[in-house]
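Asker: Quick one: the structure is below, questions incoming.
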Amino acid sequence: MQSHLLLLVVFAALVSAVFAALQRENPRDQVRLGLLLFASFVGAALVAGWLMFPFPLGAR
Amino acid sequence: MAVHRPTGPQALEPATVAFVCVLGWLVPGAGHLWLRRSERGLVFLVALSAMFVLGLALEGRLFPFELSQPLVALAAAANLGSGGLYFGAWALGHGGGTVVAPSYEYGNTFLITAGLLNLLVIIDAFDTALGRK
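Residue numbers (my numbering), protein chains in the order written: chain A, 1142 to 1201; chain B, 1168 to 1300.
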């Protein structure tokens, strides 16, 4: 598995599921929080990646 | 040991609370399953086991306790949070890690996060066993 994006998505999904199950009692609330956390994880990572895009990979 | 399984929110005996925490540490989610919180327990069991196995598949490392390297020791403590999975992988010879693998750091992240999340799950089981949730 070499796709960084896929790994990010899998990681976000698993962590979101655990946090949602921990923080909410009602299944409906758990799904809502899980989806919100998942979207936040992936969105924040994409924004951070986009912001870092102009920076060079190394000093050349 | 005869232990009383709860049917609702009520505080259990201290020995039973300790039993629930140890059970949850040995098998992620097992504490909740024992407390009849089946849905939560299954989510924890599946998600944390998957994270741990993926971490190993991504060639992550189960860190040793090296007090001379504080960050390595902290990572080892986090790994140990996976409990039975940690010892099972260790007994089977997994978790050596491949530093040159492209997915090495991802594997470490999955393994460390699985251990830390399981510690949170154990604390939740502790609160549930005490009737706080």
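Here a beta-carbon is modelled for each residue, glycine too, at the ideal position from N, C-alpha and C.
Note down, in chain order, each residue of its chain lying with its Cβ closer than 6 Å to the Cβ of glycine 1196(B), except the 5 sequence neighbours on either side.
Answerer: Reading the second sequence from its first residue, position 29 is the one you call residue 1196(B). Hits under 6 Å: Gly1208, Phe1211, Leu1212.
Asker: Classify serine 1157(A) as buried or exposed, calling it buried when 16 or more other Cβ atoms lie within 10 Å of its own Cβ.
Answerer: For this step, residue 1157(A) is matched to residue 16 along the first sequence. Counting the other CB atoms within 10 Å of its CB gives serine 1157(A) a total of 16 or more, which places it among the buried residues.
Asker: Quick one: residues in its chain with C-beta nearer than 6 Å to the C-beta of leucine 1193(B), no 5 flanking neighbours on either side, listed in chain order?
Answerer: Your numbering for residue 1193(B) matches position 26 in the second sequence. Only Gly1250, Gly1251 meet the Cβ criterion.
Asker: Please identify the residue among Ala1214(B), Val1184(B), Leu1215(B), Tyr1271(B) whose C-alpha is closest to the C-alpha of tryptophan 1201(B).
Answerer: Numbered from 1 along the second sequence, position 34 holds the residue referred to as residue 1201(B). Of the candidates Ala1214(B), Val1184(B), Leu1215(B), Tyr1271(B), the one whose C-alpha sits nearest the C-alpha of tryptophan 1201(B) is Val1184(B).
Asker: Using beta carbons (cut-off 7 Å, strictly below), is tyrosine 1271(B) in contact with chain A?
Answerer: The residue given as residue 1271(B) occupies position 104 in the second sequence. Closer than 7 Å: no.
Asker: For phenylalanine 1152(A), return the contacting residues in chain B, with the cut-off set at a CB-CB distance below 9 Å.
Answerer: As a first step, residue 1152(A) is located in the first sequence; it is residue number 11 there, counting from the start. Met1218, Leu1221, Tyr1273, Thr1276, Phe1277, Thr1280, listed in chain order.
Asker: Mind checking if valine 1159(A) is an interface residue toward chain B, Cβ cutoff 7 Å exclusive?
Answerer: Stepping through the first sequence from its first residue, residue 1159(A) is reached at position 18. Valine 1159(A) counts as touching chain B.
Asker: Which bits of chain A does leucine 1215(B) rub up against, with CB to CB less than 9 Å?
Answerer: Here residue 1215(B) is taken as the residue at index 48 of the second sequence, counted from 1. In chain order: Leu1155, Val1159.
Asker: Between the stretch 1256-1274 of chain B and the stretch 1187-1200 of chain A, can you find at least three pairs of beta-carbon atoms closer than 8 Å?
Answerer: no
Asker: Would you verify that the beta carbon of arginine 1207(B) is, or is not, closer than 7 Å to some beta carbon of chain A?
Answerer: Along the second sequence, read from residue 1 onward, the residue named residue 1207(B) stands at position 40. Arginine 1207(B) counts as touching chain A.
Asker: Tell me arginine 1228(B)'s beta-bridge partners as DSSP assigns them.
Answerer: Numbered from 1 along the second sequence, position 61 holds the residue referred to as residue 1228(B). Per DSSP, Gly1263(B).
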